Amino acid sequence: MIIKSGIGASQVNMDALLIRDIVFIGEQGIDPELEHDQTDYERIHYVGYLDQQPVVTGRVNATDQTWHLERVATLKDYRGQGMAKNLLEFILKEAMNQKIKLVELDAQMPAKPFYAKLGFEAFGVPFYEAGLEHIKMQKKLKISL
Numbered sequence: 001m002i003i004k005s006g007i008g009a010s011q012v013n014m015d016a017l018l019i020r021d022i023v024f025i026g027e028q029g030i031d032p033e034l035e036h037d038q039t040d041y042e043r044i045h046y047v048g049y050l051d052q053q054p055v056v057t058g059r060v061n062a063t064d065q066t067w068h069l070e071r072v073a074t075l076k077d078y079r080g081q082g083m084a085k086n087l088l089e090f091i092l093k094e095a096m097n098q099k100i101k102l103v104e105l106d107a108q109m110p111a112k113p114f115y116a117k118l119g120f121e122a123f124g125v126p127f128y129e130a131g132l133e134h135i136k137m138q139k140k141l142k143i144s145l
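Each residue of the sequence shown is one higher than the last, beginning at 1 in UniProt numbering.
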């Protein structure tokens, strides 16, 4: 799998939106106005490609010390093959290279065990977003000086 990143009006961004439209709008029934939240051009998008086809995505809201991971999605035919794990490990490595100390995300409850296996810890109370139950999770990164 080849992973590419982009920001703004890039092909990577358009490929990310395609995956999210299929997964979040098509499969999960999320309102397109909620999914297309007008911040896409401000975020860093990551897309994993298999045979030049986009199959997995995630975006990052990057600040000086914290990255907030958002909109992680894998196309149905590619789930269970480690694509999202590989993508997140790539993003976490990028965060560490940029000396980011904390990565946070809002996990859909069924995905909580997946993120926990990658070292994310849940905190706070469950909440609903776009009609789906979520939990806040975070991973503290060890930065070598």
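From the three backbone atoms N, C-alpha and C, an ideal C-beta is built for every residue, glycine too.
Source: prediction; values computed, not measured.
Residue i classed as buried or exposed, judged by whether at least 16 other C-beta atoms fall within 10 angstroms
i    : result
L9   : Sequence inspection shows Ala at residue 9; the Leu mentioned does not correspond to that position. So A9 counts as exposed.
Y41  : exposed
G29  : exposed
K139 : buried
M109 : exposed
Contact check, residue i vs residue j, beta carbons under 8 Å
i    : j    : result
N73  : V23  : According to the sequence provided, residue 73 is Ala. The question's Asn does not apply to it. In contact: A73 and V23 (Cβ atoms closer than 8 Å).
L105 : H68  : yes
L88  : L141 : no
M96  : I143 : yes
I3   : F114 : no
D21  : A130 : no
Separation of residue j from residue i, as counted between CA atoms
i    : j    : result
M83  : D77  : 11 Å
I135 : V125 : 7 Å
Q53  : E121 : 32 Å
K112 : E27  : 19 Å
E70  : K85  : 14 Å
I7   : Q81  : 27 Å
I25  : K99  : 34 Å
E94  : V56  : 17 Å
D64  : L92  : 15 Å
V60  : E133 : 21 Å
M14  : F123 : 32 Å
R79  : R43  : 24 Å
V62  : G119 : The amino acid at residue 62 is misidentified as Val; the sequence shows Ala. For A62 and G119, the distance between alpha carbons rounds to 19 Å.
Bridge partner(s) assigned by DSSP for residue i
i    : result
F90  : F90 is not bridged to any residue.
L102 : T66 and K140
A116 : None, per the DSSP bridge assignment.
V56  : G48 and T74
K4   : V47
L132 : E129
**Request:** Examine the Cβ distances between the region 47-67 and the region 27-38 and report whether three or more of them are shorter than 8 Å.
**Result:** No, because fewer than three Cβ pairs between the region 47-67 and the region 27-38 fall closer than 8 Å, the two stretches do not touch.
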